[in-house]
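Residue numbers (my numbering), protein chains in the order written: chain A, -5 to 296; chain B, 78 to 181.
Structure, rendered in structure tokens:
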């Protein structure tokens, strides 16, 4: 057993893919670094903060990427984004069995301005292209920096999002909300509030992530394999029915929880018997409890 | 940013394996890319550091490193965000060990 949270992006790859199977595209030795950071006299990284390539997962050819949260918070610059887009495009050309994205990112790398923004939007489109080709896209979120901004949206373009309790997924990050709306709206220093608003358990309960696992590389790998098989069985392409179901889930969320001041109240309204105890539950106990209460695109015409 | 170059010529051990990258370019940390290269027996190290004015300290750390490993025909490139000398030494050892599979 090994903590997913504690590993670097480069260390996560061999834990998630079949041992020794991963072949990296544009490895660090190729030195494809950000031209923008050098202009700003800022440090660069030889992989621009992302590992992309092709490996085997449970014996199947699966393309993948891992973002390094330690380098500029995993933020997406021009090169970083182009590596993701190129890998996703090649997954379609080579008819991959699936794509596995280990995301950890604050979103757009602001240093690179429009180039970064365009890169993130291209990543979203590329993810949808992969799905349109019938290839499932599986996202894992379990790093210390979470998955925010444009990459939070990109994550939700995937077939399946796998999270740990420690993982976080949202659009605006805590500091952004506090800066824009004031500390009364959201106190970014309140770590318990931050995690119950953006953390894996809340995302699982409200239906934004489909699988929740303990902070363990083996658990992430097993979930990725299960998600890949499930999505291959169901068909990976995004359909109109999928979008309408998702839209229905979001409408019910605003209607039922739009005035809730805190996720604790959301969980109470979902029927969770002891909302205050949720953050303390281990993954297995949480899943057993959450099964009957969690919201999802398929649940409830109420 | 400051870029520093070092070259050591008295090495005796070529690097046996493929290029490796260790570490992360984050605050107080660094990444080390190590790869075999035909350098007429030399070991060349390029450092790009966010902390200006520490050339003498880097040189001392690099000299220690070369004394420990005696590498030849090796290129090492470093992207640094203010790592301390101890962290730099540990990362350099980790980089070599990731290629050779163990301590000297």
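Glycine included, each C-beta is placed from N, C-alpha and C at the ideal position.
Quick caveat, the model's predicted, so the values are computed rather than measured.
> In angstroms, rounded to a whole number, what distance separates the CA positions of residue 29 of chain A and residue 145 of chain A?
Replying inline: 21 Å
> Counting contacts by CB-CB distance shorter than 8 Å, is residue -3 of chain A in contact with chain B?
Replying inline: no
> How about residue 95 of chain A and residue 152 of chain A: are their beta carbons less than 8 Å apart?
Replying inline: Going by C-beta atoms, residue 95 of chain A is nearer than 8 Å to residue 152 of chain A.
>> Between residue 175 of chain B and chain A, is the shortest Cβ-Cβ distance under 8 Å, so that the two count as touching?
In response: no
>> Using a Cβ-Cβ cutoff of 9 Å, what residues of the segment 38 to 54 of chain A are near chain B? List them in chain order.
In response: 38, 39, 40, 41 and 43
>> I want to see whether chain B comes within less than 8 Å of residue 295 of chain A, judged by CB atoms only; does it?
In response: At residue 295 of chain A, the pLDDT of 42 sits below 50, so the modelled position is not reliable and the matter cannot be decided from this model.
> For the candidate residues A/19, A/138, A/209 and A/251, whose alpha-carbon lies nearest to that of residue 10 of chain A?
Replying inline: A/209
> Using a C-beta to C-beta distance shorter than 8 Å, which residues of chain B count as neighbours of residue 64 of chain A?
Replying inline: 101, 102, 103 and 106
> Nearest to residue 140 of chain A by CA position, among A/289, A/63 and A/112, is which residue?
Replying inline: The shortest Cα separation from residue 140 of chain A among A/289, A/63 and A/112 belongs to A/63.
>> Let's test the definition: count the other Cβ atoms within 10 Å of the Cβ of residue 169 of chain A and tell me whether it reaches 16, buried, or not, exposed.
In response: exposed
>> Checking 8 Å against the spacing of the C-beta atoms, do residue 182 of chain A and residue 142 of chain A come in under that value?
In response: No, Cβ-Cβ distance for residue 182 of chain A and residue 142 of chain A is not below 8 Å.
> beta strand (DSSP E) containing residue 75 of chain B: first to last residue?
Replying inline: Residue 75 of chain B cannot be examined here, being either before or after the span of chain B that is shown, 78 to 181.
> Count the other CB atoms within 10 Å of the CB of residue 91 of chain B; is the residue buried (16 or more) or exposed (fewer)?
Replying inline: Classification for residue 91 of chain B: exposed.
> Do residue 96 of chain B and residue 116 of chain B have their C-beta atoms within less than 8 Å of each other?
Replying inline: No; because the gap between Cβ atoms is not below 8 Å, this pair is not in contact.
> Among residues of its own chain, excluding the 5 on either side of residue 265 of chain A, which ones have a beta-carbon nearer than 6 Å to its beta-carbon?
Replying inline: 287
>> Measuring alpha carbon to alpha carbon, tell me which residue in A/131, A/53 and A/34 is nearest residue 228 of chain A.
In response: A/131
>> For residue 118 of chain B and residue 149 of chain B, I'd like the C-alpha separation in whole angstroms.
In response: The straight-line gap from Cα to Cα measures roughly 5 Å.
>> Quick check on the burial criterion: 16 or more other C-beta atoms within 10 angstroms. Buried or exposed for residue 296 of chain A?
In response: Note on residue 296 of chain A: pLDDT 35, under 50, position unreliable in the model; the coordinate value appears next. With fewer than 16 other Cβ atoms within 10 Å, it is exposed.
>> My output table needs one value for residue 48 of chain A: the three-state DSSP class, helix, strand or coil.
In response: strand
> Per DSSP, what kind of secondary structure is residue 308 of chain A in: helix, strand or coil?
Replying inline: Examination of residue 308 of chain A is not possible in this model, given that chain A is present from -5 through 296 alone.
>> Relative to the C-alpha of residue 88 of chain B, which candidate in B/152, B/178 and B/125 has its C-alpha closest?
In response: Nearest to residue 88 of chain B by C-alpha distance, out of B/152, B/178 and B/125, is B/152.
>> Measuring straight from C-alpha to C-alpha, what distance separates residue 70 of chain A and residue 280 of chain A?
In response: Their Cα atoms are separated by approximately 33 Å.
>> Within a Cβ cutoff of 8 Å, which residues of the same chain sit near residue 171 of chain A, ignoring the five residues on either side of it in sequence?
In response: 179, 180 and 182
> By Cβ distance below 7 Å, which residues in the same chain neighbour residue 138 of chain A in space, the five residues on each side in sequence not counted?
Replying inline: -1 and 63
> Between the segment 3 to 36 of chain A and chain B, which residues of the former have a C-beta closer than 9 Å to a C-beta of the latter?
Replying inline: 3, 4, 21, 22, 23, 25, 27, 32, 35 and 36
>> Can you check whether the C-beta of residue 191 of chain B is within less than 8 Å of a C-beta belonging to chain A?
In response: This structure cannot settle anything about residue 191 of chain B, because the visible part of chain B is limited to 78 through 181.
> Under 8 Å, do residue 46 of chain A and residue 4 of chain A count as touching if we go by C-beta distance?
Replying inline: In this structure, residue 4 of chain A does not lie closer than 8 Å to residue 46 of chain A by Cβ.
> Is residue 82 of chain B helix, strand or coil when you go by DSSP?
Replying inline: Residue state, collapsed to three classes: strand.
> By DSSP, does residue 176 of chain A sit in helix, in strand, or in coil?
Replying inline: Here DSSP, grouped into helix, strand and coil, assigns residue 176 of chain A to coil.
> Of all the CB atoms in chain A, is at least one closer than 8 Å to the CB of residue 145 of chain B?
Replying inline: no
> Using a Cβ-Cβ cut-off of 7 Å (strictly less than) and excluding sequence neighbours within five positions of residue 48 of chain A, which residues of its own chain qualify?
Replying inline: 17, 55 and 57
>> In the DSSP assignment, the beta strand (DSSP E) including residue 123 of chain B goes from what residue to what residue?
In response: 120 to 126
>> Among A/220, A/215, A/248 and A/199, whose alpha-carbon lies nearest the alpha-carbon of residue 283 of chain A?
In response: A/199
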